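S.K.:
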Amino acid sequence: MIKQKWRIPPTQGLGFKLSKGQTVRITDVEGEQVADFVAYRVDDVRERLDPGVTMDALHKLKVQPGDLLYTNTYKPMLTIVTDHVGQHDFINPACRSEMYEVLYNKKNHASCYHNLNQALAEFTIPVPDQHYPINLFMNTIIEPSGKITVGKPLSKAGDYIDLRAEMDLIIAVSACPCSESACNGFKCTPIDVEIM
1 MIKQKWRIPP TQGLGFKLSK GQTVRITDVE GEQVADFVAY RVDDVRERLD PGVTMDALHK
61 LKVQPGDLLY TNTYKPMLTI VTDHVGQHDF INPACRSEMY EVLYNKKNHA SCYHNLNQAL
121 AEFTIPVPDQ HYPINLFMNT IIEPSGKITV GKPLSKAGDY IDLRAEMDLI IAVSACPCSE
181 SACNGFKCTP IDVEIM
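For the sequence shown, the residue numbers in UniProt numbering are 1 to 196.
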């Protein structure tokens, strides 16, 4: 049963609260679209979702249903309930306008950093120097040589991931605005968010 539903337009963001025990579904509406995902503990926003800690606690880069996602203090924050894609990024920071200048020679480009800041503003969460999200559906490839490349997401239209809150949370999601690379299949599209 759906309690709330939003559609994040291409290149924009969304902030909302998720209570302990509730499940959020993040859906790639058209396919090949990355959703940057951050979360904070409601009663202490210094505690946040941490992809690095999650990799350390799980001893792996790829997650699957049943796996926990951890906070920066190694507490279980979310549980993966369902995952139709199985390929997400835990190593790249949120894109920001400076990145677009360096990589694509474009100034004042929309970015996940800006989207996440805007989405979190109503919850009075301090703006960080950078966001380190879990980039849902992002297809980051680490080659044996150590080279990192980003391919088109493996997500197809309607694919989703369900995450259950293990504590009361503030969450922000950005429909990544990068159309300059394969990151979003060279086209920015919407993301659906549902609280179940």
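Don't be surprised by glycine CBs; every beta carbon is placed ideally from N, CA and C. Bear in mind that the values here come from a model prediction, so they are computed numbers and not experimental data.
Once you ignore the five residues that flank valine 29 on each side, which residues in its own chain have a CB closer than 8 Å to its CB?
M.R.: Result list for valine 29: Arg7, Ala157, Gly158, Thr189, Pro190, Ile191, Asp192, in chain order.
S.K.: Are the CB atoms of valine 38 and histidine 131 nearer to each other than 8 Å?
M.R.: Result yes, Cβ atoms of valine 38 and histidine 131 sit closer than 8 Å.
S.K.: Grouping DSSP H, G and I as helix and E and B as strand, with all else coil, what is threonine 54?
M.R.: Three-state DSSP puts threonine 54 in a helix.
S.K.: When burial is assigned at 16 or more other CB atoms within 10 Å of the CB, is serine 155 buried or exposed?
M.R.: Its Cβ being crowded by 16 or more others within 10 Å, serine 155 is buried.
S.K.: Under the rule that 16 or more other beta-carbon atoms within 10 Å means buried, what is histidine 141, buried or exposed?
M.R.: The sequence shown places isoleucine at residue 141, not histidine. Exposed, by the Cβ-count rule.
S.K.: How many Å lie between lysine 17 and serine 174 at the Cα?
M.R.: Between lysine 17 and serine 174, the C-alpha separation is close to 15 Å.
S.K.: I want to know whether the segment 158 to 170 touches the segment 178 to 185 - three or more CB-CB distances under 8 Å.
M.R.: No contact exists between the segment 158 to 170 and the segment 178 to 185.
S.K.: According to DSSP, what are the bridge partners of glutamine 4?
M.R.: In the DSSP output, where bridge partners are listed per residue, glutamine 4 has Ile195.
S.K.: State buried or exposed for methionine 77, treating a residue as buried only when at least 16 other CB atoms are found within 10 Å of its CB.
M.R.: When all chains shown are included, methionine 77 counts as buried.
S.K.: Can you give me the C-alpha to C-alpha distance between tyrosine 104 and valine 24, rounded to a whole angstrom?
M.R.: The straight-line gap from Cα to Cα measures roughly 34 Å.
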